[in-house]
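Quick note: the sequence shown uses this note's numbering, first residue 1254, plus one each step. Beta carbons: idealized from backbone N, C-alpha and C, even for Gly. As structure tokens, the structure follows; a few thoughts come after it.
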Amino acid sequence: MYENIRAAVVGSINKDLILNMEQVPDVGENLLGTTYSYANGGKGANQATALARLGAKVKMIGKVAEDENGKTLLENLQNEGIDTSCIATNGTSTGLAVIILDGEGKNRIVVYEGANAEIKSEDAVKSIENNSFDLLLVQFETNEEVVISSVNSAIKKGITTVIDCGPAKAFSLEKMQGATIVTPNESETKALTGIYPDSEDNILKASKTLMDRSKARFIIIKLGEKGCSVWDGESLTLLPAYESNVVDTTAAGDCFTAAMALEYLKNGDILKACDMGNKAGSIAVSRMGAQNSMPTYKELFK
Ligand code: ATP
Ligand code: RIB
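In structure tokens form, the structure reads like this:
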């Protein structure tokens, strides 16, 4: 079990509006969808949920508003056993994601950041400094300053620090050097390096660029149905994905990051950890929704 691991997540909390359709519309095209539903999401909250379901002790640092979505999202995190005492509730509007899901379970996501962009760096740093953690997970769905100051504060304390680079955007990796793991997906790799990781050569080039910029110990690129790559500065390893019946790929990356981080902390073997991330990701894609799709420890090890 991972129950002795104390994890902090600094990140976003969103209500997800999921619109299902066979085919996504082109510019100017008007198409009918098939169904819609609301789900609990946000990259930070998804990762916190995955960590908690796998047995870790989790504190989430973030922000919502005192609106209906904020209330239900917070309640849901508490029901997952996550400590929400460092989630501020005085945001202007809780984060919202609109997710268009096509017939193959592939998504397009647009996020309204709302309260997520209003987290204060000093609050995040205070929470990291005043508590004992073994692990910090961050993503890029809050403001850049919060991510950088949280990571630097965790590195200073010797905490294992994992930077999940979603959503895709340019980011000053140079301002937070020496994290344990930097892990983008394919489009995030392209946004950060200008290189799309569609061949072994390009995966290697992009991984080297990311390591030069971040000075992280490991660069792990999530490659969707192809699994993931691991670069440790000396060798590149490609690990295949597990077979899965794909329903919805939303939050597969969040699930991968959380499971991989816990397994790495437990046994220190990065390849075993990434294999665990692949296994967890394959479960997440077989289910609808974001937080909903995260596996429990029992499901992962059955
Ligand atoms: P999202 O942004 O939708 O949360 P992502 O794009 O960050 O996800 P992906 O690279 O699509 O992340 O997927 C993360 C991991 O999930 C992959 O590295 C792989 O282990 C697993 N995975 C994704 N798609 C599939 C699939 N079709 N079959 C099996 N495993 C998959
Ligand atoms: O990574 C998936 C998440 O991205 C969704 O839950 C959505 O909220 C967006 O933040």
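According to DSSP, residues forming a beta bridge with residue i
i	result
Leu-1354	Asn-1273 and Asn-1360
Ala-1341	Lys-1316
Ala-1292	Asp-1269
Thr-1414	Leu-1389
Arg-1306	Arg-1306 is not bridged to any residue.
Selection from the options that minimises the alpha carbon distance to residue i
i	options	result
Phe-1424	Leu-1489, Val-1378, Leu-1307 and Thr-1446	Thr-1446
Gly-1294	Glu-1397, Ser-1374, Asn-1329 and Met-1513	Asn-1329
Ser-1249	Val-1391, Lys-1312, Ser-1402 and Leu-1349	Because residue 1249 is not part of the residues shown, which for the chain are 1254 to 1555, the question remains open.
Asn-1332	Lys-1555, Gly-1521 and Asn-1545	Asn-1545
Arg-1540	Ile-1523, Lys-1268, Lys-1359 and Leu-1284	Lys-1359
Glu-1478	Gly-1367, Asp-1465, Asn-1498 and Asp-1485	Asn-1498
Asp-1485	Glu-1496, Asp-1279 and Asp-1522	Asp-1522
Thr-1414	Asp-1279, Leu-1515 and Met-1529	Leu-1515
Asn-1208	Met-1547, Lys-1422 and Asn-1384	Because the chain is modelled from 1254 through 1555, residue 1208 falls outside the range shown and cannot be assessed.
Pro-1420	Asp-1376, Asp-1279, Asp-1528 and Glu-1366	Glu-1366
Met-1547	Lys-1296, Asp-1279, Thr-1288 and Lys-1324	Lys-1296
Ala-1368	Asp-1376, Ser-1380, Thr-1345 and Asn-1384	Thr-1345
Residue i and residue j closer than 9 Å at C-beta
i	j	result
Gly-1480	Asn-1438	no
Ile-1408	Met-1429	yes
Leu-1354	Asn-1273	yes
Ala-1432	Ala-1303	no
Ile-1434	Phe-1471	yes
Val-1263	Ile-1372	yes
Gln-1392	Ile-1362	no
Leu-1389	Ala-1309	no
Leu-1463	Leu-1524	no
Leu-1270	Ala-1350	yes
Thr-1325	Lys-1268	yes
Pairwise C-alpha distance: residue j and residue i
i	j	result
Thr-1510	Ala-1298	13 Å
Val-1400	Glu-1394	9 Å
Glu-1382	Glu-1487	33 Å
Ile-1456	Tyr-1449	8 Å
Arg-1306	Glu-1282	41 Å
Val-1364	Thr-1342	19 Å
Gly-1356	Gln-1276	7 Å
Val-1311	Gln-1300	10 Å
Glu-1321	Thr-1347	9 Å
Ile-1314	Gly-1286	35 Å
Lys-1443	Ile-1266	25 Å
Ala-1550	Ser-1452	First, the residue type needs correcting, since residue 1550 is Tyr and not Ala in the sequence shown. Between Tyr-1550 and Ser-1452, the C-alpha separation is close to 33 Å.
Arg-1466	Tyr-1517	22 Å
Val-1280	Val-1500	26 Å
Ile-1352	Gly-1542	10 Å
Lys-1458	Met-1529	25 Å
Anticipated Cβ contact below 8 Å, residue i with residue j, distance rounded
i	j	result
Ala-1469	Cys-1508	Incorrect: roughly 21 Å between the Cβ atoms, too far for contact.
Cys-1418	Glu-1441	4 Å
Lys-1519	Tyr-1291	With a Cβ gap of about 35 Å, Lys-1519 and Tyr-1291 do not count as contacting.
Asn-1406	Val-1378	It should be pointed out that residue 1406 corresponds to Ser in this sequence rather than to Asn. That pair is a contact at about 5 Å.
Leu-1553	Ala-1533	6 Å
Asp-1531	Ala-1494	According to the sequence displayed, residue 1531 carries Asn and not Asp. Contact holds; Cβ gap of about 5 Å.
Leu-1489	Ser-1460	7 Å
Val-1317	Ile-1340	6 Å
Lys-1475	Thr-1502	Actually they are not in contact, since the Cβ atoms of Lys-1475 and Thr-1502 sit about 11 Å apart, beyond 8 Å.
Residue-level contact to chain B via CB, residue i, 9 Å cutoff
i	result
Thr-1436	Protein chains in the displayed structure number just one, and chain B is not present.
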